[in-house]
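Let me begin by presenting the structure, written as structure tokens, before commenting on it.
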Amino acid sequence: MSSNTCLIIGSSHAAVQLVTSLRQEGWEDEIIVIGEESYLPYHRPPLSKAVLKGEKKIGDILLRPEAFYDKLQVSFKLGERVTAIDRAAQCVTLANGGTVSYQKLVISTGASPIILNLPGESLEGIGYLRSYGDIETLTPHINSGGKAVVVGGGYIGLEAAAALSARGMQVTVLEALDRVLQRVTARELSEFYTRAHERRGVQIVTGASVTGFVGDRKVEKVLCEHGVEYNADLVVIGVGVRPNVTLAEAAGLTIDNGICVDEYSQTEDPNVFAIGDCTSFPCAATGTRLRLESVPNAIEQAKSAAAAVCGKHKPYTALPWFWSDQYDLKLQIAGIGRGYDNIVIRGSLENEVFSAWYFKGDTLLAADCVNQPLDFMAARKAILKGISPSRDEISDIDFDITQLGVQ
Amino acid sequence: MVKVVFIDIEDGRHELDCEPGKSLMECAVENLVPGVEAECGGGLSCATCHVYVDESWMAAVGQPTNKVETVLIESLESLQHNSRLSCQIDLNDSLDGLTVTVAPAIF
Chain A
758 MSSNTCLIIG
768 SSHAAVQLVT
778 SLRQEGWEDE
788 IIVIGEESYL
798 PYHRPPLSKA
808 VLKGEKKIGD
818 ILLRPEAFYD
828 KLQVSFKLGE
838 RVTAIDRAAQ
848 CVTLANGGTV
858 SYQKLVISTG
868 ASPIILNLPG
878 ESLEGIGYLR
888 SYGDIETLTP
898 HINSGGKAVV
908 VGGGYIGLEA
918 AAALSARGMQ
928 VTVLEALDRV
938 LQRVTARELS
948 EFYTRAHERR
958 GVQIVTGASV
968 TGFVGDRKVE
978 KVLCEHGVEY
988 NADLVVIGVG
998 VRPNVTLAEA
1008 AGLTIDNGIC
1018 VDEYSQTEDP
1028 NVFAIGDCTS
1038 FPCAATGTRL
1048 RLESVPNAIE
1058 QAKSAAAAVC
1068 GKHKPYTALP
1078 WFWSDQYDLK
1088 LQIAGIGRGY
1098 DNIVIRGSLE
1108 NEVFSAWYFK
1118 GDTLLAADCV
1128 NQPLDFMAAR
1138 KAILKGISPS
1148 RDEISDIDFD
1158 ITQLGVQ
Chain B
-16 MVKVVFIDIE
-6 DGRHELDCEP
4 GKSLMECAVE
14 NLVPGVEAEC
24 GGGLSCATCH
34 VYVDESWMAA
44 VGQPTNKVET
54 VLIESLESLQ
64 HNSRLSCQID
74 LNDSLDGLTV
84 TVAPAIF
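Chains as they are written, first to last, in our numbering: chain A, 758 to 1164; chain B, -16 to 90.
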């Protein structure tokens, strides 16, 4: 056993970037990754897109082939759960009773779906959508012509709706709040996506609060408040996630909407780092502490953590960005629109080619771009450089957006 | 296997044996070629797998077939006439010996 081990808890996007960056930053000693899932790390975004559409399986979405980890001399303990971290002794305990010692620990435990715990939820045909195991639960109930109910109108819910619709199911989305994507976008985008789904045959119901599920052995109906019912052969629930902080919290680390880390992905313990969906961190773009559910964020935090583990200082300053694919609608988001007070639309909502620019006063915060990669790249550059176009420039379709940020 | 040469952003030379059927980006990522980030995993959402195709290979590699690739590349300040997104180039025997240079980071 090497005397210098970097131990990683969690085996998804952040972990894979971490092990890659560790070797690139010069870590030559042992790297061990412990993951609860039995699969090698895989791309999570396709689960609600190509995989749910039946176009790809686990073998098609692995983040890296097994040979990659052999080449990097990274060893895995898959299908293993960590039950405790002892920071004083610098070792972790596994569910099987084993222990693993570390010199550096990186927690990348991600997030878990919020479970509704409603009556009837254990009926067959009902599932969440976070892991490949969830896909395996849902797949036997996906059938063309059947009825699918998606509970939750966030990105996961809407992507699932698009995918299930592509498989020939009649889809109804039930959103408890008064519009879809409420937490993450402006009303104009909520309305756009509602129309986009409806014109493609998906029913969107807002203000719909699910109270339970009924059926014999398999789900047959979804029950909502006020006696409203929906027939269902399949139910996908996507109502948000919570960061997996239990291990860190029990180990005495500070938790604030996620495991607290700094811009180097370091916790208050000099030997413990945390990256990805399980963390909150000081976001350079907003000047506030944030938790971000996004692959690019996991990647950037992993890079800064790897540098820090190797004694270097590479703060996470990258601008947050995000993507979502539904039908032929490619959404790319640059920046974070929280706190915006006005929004400018550029292009045509009707033709489904447009961008929505979020301003706070005169300052550009973010841009949601649908089928407009040019606007996305321009916005990303401008926000990073702290350049804010005028609202007139943005709404003038003759204004050359590629000139933004070019000085 | 398909032989591919990557010249990275620090002028390092990487001579690789890549699996046919995989994309040029996957080959770079799996072999840790510096500068090929592939943030979106090949989904035409980011342009961080940008490479310059060697002149002598441009005909064999061809032009983008997907309009989104064209738009993404054309939005880059580092655009050159031989720019391609490596996630959109699938490797096969006709590309054996392909040489590309990794483009500078966008941001």
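The C-beta atom is built at its ideal place from N, Cα and C for all residues, glycine as well.
Note that the coordinates shown come from a computational prediction; the quantities given were computed from them, not determined experimentally.
query                                                                                                                                        : result
Stretch pair the region 993 to 1001 of chain A + the region 829 to 848 of chain A: three plus CB contacts closer than 8 angstroms            : no
Three-state class that DSSP yields for Phe1133/A in the structure shown                                                                      : helix
Buried versus exposed, by CB contacts within 10 Å (16 or more), Ser77/B                                                                      : exposed
Residue nearest to Asp817/A in terms of C-alpha spacing, selected from Leu797/A, Ala1042/A, Leu829/A                                         : Leu797/A
Counterpart residues of Pro1039/A in DSSP-defined beta bridges                                                                               : Arg1046/A
Any C-beta of chain A under 8 angstroms from that of Gly4/B                                                                                  : no
Straight-line gap, Gly792/A to Ala1031/A (C-alpha atoms, nearest Å)                                                                          : 15 angstroms
Bridge partners - Leu819/A, DSSP secondary structure assignment                                                                              : Tyr799/A
Cβ of Ala30/B within 8 angstroms of any chain A Cβ                                                                                           : yes
Own chain, CB closer than 7 angstroms to Glu1150/A, minus 5 neighbours either side, in chain order                                           : Phe1156
Spatial neighbours of Glu986/A in its chain, beta-carbon cut-off 6 angstroms, leaving aside the 5 residues before and after                  : Lys978, Leu980
Beta-carbon proximity of Arg1148/A to Leu1076/A, cut-off 8 angstroms                                                                         : no
Ala1124/A (DSSP reduced to helix, strand or coil)                                                                                            : strand
is_contact[Lys1087/A, chain B] using C-beta, thresh 8 angstroms                                                                              : yes
Asp79/B (DSSP reduced to helix, strand or coil)                                                                                              : coil
Contacts around Glu1057/A, its chain only, beta-carbon distance under 6 angstroms, and the 5 residues preceding and following it disregarded : Tyr1073, Ala1075
Residue-level contact to chain A via CB, Glu(-2)/B, 8 angstroms cutoff                                                                       : no
Strand pairing of Gln1089/A, partner residues [DSSP]                                                                                         : Trp1080/A, Cys1126/A
Residue interval of the alpha helix (DSSP H) (run including Phe949/A)                                                                        : 944 to 956
Alpha carbon of Leu862/A to alpha carbon of Val976/A, nearest angstrom                                                                       : 43 angstroms
Val19/B in three-state terms, based on DSSP                                                                                                  : coil
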